[in-house]
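To keep things clear, I will list the structure first and then write my remarks on it.
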Amino acid sequence: MIRDIVLTLPFFVCFFWSLTLLVDYKKNDRSKNILLLFMSISALLYAGHAFYFSMDKKVYTLIDPFYTFSNLAVFPLFLVYIRSLTKEGPLDKRLYWLFAPSFVFSITSAVVYILLPPDELSEFVNSFVYGETSGIRFSGLALFQTWVLKSARIYFALFLIPFAYYSWMYIHQYEKKIREFYSDTEKRTLIWTGKLLSAVILAVVFAMVLNFIGKSFFVHDFTLVIAPSLIFASLLYSIGYLGQKQSFNISDYELDSTEPERGNHHDSSRSKLYEEILLLMETKQIFRNPDLRITDVSNLLKTNRTYVSGIINTEFNSTFCDMVNQYRIEYSKKLLLDRNLYILHYISEESGFASINSFMRAFKKFTGMTPGQFRKQNITNNNN
1 MIRDIVLTLP
11 FFVCFFWSLT
21 LLVDYKKNDR
31 SKNILLLFMS
41 ISALLYAGHA
51 FYFSMDKKVY
61 TLIDPFYTFS
71 NLAVFPLFLV
81 YIRSLTKEGP
91 LDKRLYWLFA
101 PSFVFSITSA
111 VVYILLPPDE
121 LSEFVNSFVY
131 GETSGIRFSG
141 LALFQTWVLK
151 SARIYFALFL
161 IPFAYYSWMY
171 IHQYEKKIRE
181 FYSDTEKRTL
191 IWTGKLLSAV
201 ILAVVFAMVL
211 NFIGKSFFVH
221 DFTLVIAPSL
231 IFASLLYSIG
241 YLGQKQSFNI
251 SDYELDSTEP
261 ERGNHHDSSR
271 SKLYEEILLL
281 METKQIFRNP
291 DLRITDVSNL
301 LKTNRTYVSG
311 IINTEFNSTF
321 CDMVNQYRIE
331 YSKKLLLDRN
341 LYILHYISEE
351 SGFASINSFM
361 RAFKKFTGMT
371 PGQFRKQNIT
381 NNNN
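Anchor point for the sequence shown: position 233 equals 233 in the UniProt record's numbering, and the numbering is continuous, going up by one each time.
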């Protein structure tokens, strides 16, 4: 019973999220429907795992081409999912070519399985798929199938490098855009995908090792399967949970960033514009607006946001988000040291933070300590 639960846990996690996302299929945006497809293909993959460890070799022979397809398709799909969250416009049709190897290897594998005589097919599955010894001499067709399945493993390993590179690149470019546009990125960030991606890559490196060792290494010792099964089930649940919660993506950024262009300032007015930004921040304290955007600043200055962003990058040596949060933190320090001993929730709101969690993270980032530690340290210093 416990063995069955452990072996099927990743499948049921993926199946659960597939059903959850399917319920709202018509309401979902593009990225959530791609996540639905990712979870569905992952469910197929882990169903193949479960059938493999059930030791029903005849059934697994029928499942194996589908397993090959899903094994080679899940990471391209996750890349397409990240791409849909982070890049503007329709999906590049060239991305569809990422799935060509999945179809080629799985269809080739299925055709060879069909053409192999039943007796040789049974021996082939016992020998190559389950790692059992066989005394027969395999035909050229069976040896070709061996080459197909080994090539699929090699392709799986090689794809990890471009998968990791492009995923990180998409996330980095997206994060840079929103940090240059919004002062509050809490509900807009995709940092969670980056963290999950790190975990996924570690898991995939682990899976690559298992891939080259072969599933047959684990088939006779159930305890060896427990850790991989729980790790992948946890990762997949996290992807489903956080992906379903993600309500903001690049499409929302496109809508927010659409604005009529103002007249450009020339280089000769950069210093004046810099002083005007200082005035808005230090005197008018516009940073206390929790949803302050760079377009708000550019509209007040009657210029375009690209020019404002460039000045913030060069003159303040910062992104828009970090610059605004720096002013918020300096303002919050004054409130923390006030004799009224304001509570943190009040301080975060008055300083312009959208939530106390955003306040705590920003304060720790800029000061290296929590607000409570800062207050305690300064009170102690004053008493001394």
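Glycine residues also receive a C-beta, built at the ideal position from the N, C-alpha and C atoms.
Residues of the same chain with a CB within less than 7 Å of the CB of D119, apart from the 5 flanking positions on each side, do not exist. Contact between F353 and R375 fails: their C-beta atoms lie close to 16 Å from each other, not under 8 Å.
For A227, the enclosing alpha helix (DSSP H) has its first and last residue at 223 to 245. Taking a 10 Å sphere around the C-beta of T133, we find fewer than 16 other C-beta atoms and assign the residue as exposed. DSSP places V6 inside the alpha helix (DSSP H), whose first and last residues are 2 to 23.
Taking 8 Å as the upper bound for CB-CB distance, R305 and D256 are not in contact here, some 11 Å apart.
Put simply, of F75, Q326, K245 the residue whose alpha carbon is nearest the alpha carbon of K364 is Q326. With respect to the C-alpha of N71, the residue from S139, Y182, S151, Y253 having the closest C-alpha is S151.
Just so you know, the alpha carbons of D64 and F138 end up roughly 19 Å apart.
Judged by beta-carbon spacing, L35 lies within the 8 Å limit of L21, meaning their Cβ atoms are closer than that value.
In terms of Cβ geometry, I312 and L273 do not form a close pair [threshold 8 Å]. Within the same chain, and ignoring the five residues on either side of F78 in sequence, the residues whose Cβ sits closer than 7 Å to its Cβ are F38.
S271: member of the alpha helix (DSSP H) spanning 270 to 282, first to last residue.
Here the alpha carbons of I154 and A100 stand approximately 15 Å from one another. One thing to note: L95 has its Cβ no nearer than 8 Å to the Cβ of V74.
When DSSP reads this structure, R293 sits in a beta bridge with Y182. Collapsing the DSSP output to three states places R188 in coil.
Contact check for T86 and Y174: beta-carbon distance about 4 Å, within the 8 Å limit, so the pair qualifies. By the Cβ neighbour-count rule, Y170 is buried, with 16 or more other Cβ atoms within 10 Å of its own. Three or more Cβ pairs closer than 8 Å define a contact, and the segment 7 to 16 meets that threshold against the segment 41 to 59. Scanning the UniProt domain "HTH araC/xylS-type" (275 to 377) for uninterrupted alpha helix (DSSP H) segments of 4 residues or longer gives 294 to 301, 305 to 315, 320 to 336, 344 to 351, 356 to 367, listed from N- to C-terminal end. For the segment 18 to 92, the continuous alpha helix (DSSP H) assignments of 4+ residues that do not extend past its boundaries occur at 30 to 53, 57 to 86, in sequence order.
Taking C-beta atoms as the reference points, S351 and L335 count as a pair closer than 8 Å.
Under the three-state reduction of DSSP output, P162 falls in the helix class. Collapsing the DSSP output to three states places F138 in coil. Counting the other CB atoms within 10 Å of its CB gives L62 a total below 16, which places it among the exposed residues.
Excluding the 5 residues flanking it on each side, K57 has same chain C-beta neighbours closer than 6 Å at V125, in chain order. Burial state of I277 is buried, judged by a 10 Å Cβ sphere holding 16 or more other Cβ atoms. A check of alpha carbon separations from H49 across Q373, S234, D291, V225 identifies V225 as the nearest.
Looking at the backbone, the Cα of L301 and that of F287 are separated by about 15 Å.
Taking the CA atoms as reference points, E349 sits about 11 Å from Y331. Burial check for I161: the Cβ neighbour count within 10 Å stays below 16, so the residue is exposed. Between the C-alpha atoms of S18 and Q244 there is a straight-line separation of about 11 Å.
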